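In this note's numbering, the protein residues as written are 14 to 139.
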């Protein structure tokens with residue numbers, strides 16, 4: 014699934030947004046690390062933001078976020094579908110951006126309807 018949104022910074026750019034997910038690497042269930050939102054940017058206008066250590070109470074979930082753009086601010090509202098078993102699993106939900114230039118702020122919310130972001134990151138893309 015990809016979304017094309019218009020971002021209005023200095024001039025309008027079309028940015029493609031692609032949600033994704035992975036499992037956590039080296040997650041310690043007995044001593045869990047804090048969940049944070051991180052980012053990386055590459056040359057050529059690509060960037061990615063993700064939430065590390067997203068511990069959920071089901072395996073087999075699919076990350077299907079609700080995403081809204083407000084100028085150069087992207088609001089990511091976590092939404093999950095599916096699920097297989099009631100076992101805890103650590104996910105790393107992510108959102109990739111293609112066609113970004115300049116500064117982009119990503120505000121990450123844990124659920125639709127949240128008014129205060131869980132975390133925010135400022136991405137500087139080339």
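For each residue, glycine too, the CB sits at the ideal point set by N, CA and C. Note that the coordinates shown come from a computational prediction; the quantities given were computed from them, not determined experimentally.
With a 10 Å radius around its C-beta and 16 neighbouring C-beta atoms as the bar for buried, classify residue i as buried or exposed.
{"i": "residue 116", "result": "exposed"}
{"i": "residue 87", "result": "buried"}
{"i": "residue 42", "result": "exposed"}
{"i": "residue 138", "result": "buried"}
{"i": "residue 30", "result": "buried"}
{"i": "residue 53", "result": "exposed"}
Can you tell me where the beta strand (DSSP E) with residue i in it begins and where it stops?
{"i": "residue 40", "result": "Counting along the chain, residue 40 falls outside any beta strand (DSSP E), and DSSP gives it neither H nor E."}
{"i": "residue 71", "result": "From DSSP, residue 71 is part of no beta strand (DSSP E); its letter is neither H nor E."}
{"i": "residue 129", "result": "Unbroken run through residue 129: none, as it is neither H nor E."}
{"i": "residue 53", "result": "50-55"}
Relative to the C-alpha of residue i, which candidate in the options has its C-alpha closest?
{"i": "residue 62", "options": "27, 122, 99, 45", "result": "122"}
{"i": "residue 110", "options": "76, 72, 85, 66", "result": "85"}
{"i": "residue 27", "options": "131, 82, 124", "result": "82"}
{"i": "residue 72", "options": "37, 97, 48, 55", "result": "97"}
{"i": "residue 133", "options": "48, 36, 77, 39", "result": "48"}
Give me the Cβ distance between residue i and residue j, rounded to the nearest whole Å; I'm assuming they're in contact under 8 Å.
{"i": "residue 74", "j": "residue 95", "result": "6 Å"}
Please list the segments of the beta strand (DSSP E) lying wholly inside the stretch 70-125, counting only runs of 3 or more residues, in order along the chain.
DSSP assignment within the stretch 70-125 yields the following whole beta strand (DSSP E) runs of 3 residues or more, N-terminal first: 74-76, 79-83, 86-90, 93-95, 102-111, 115-122.
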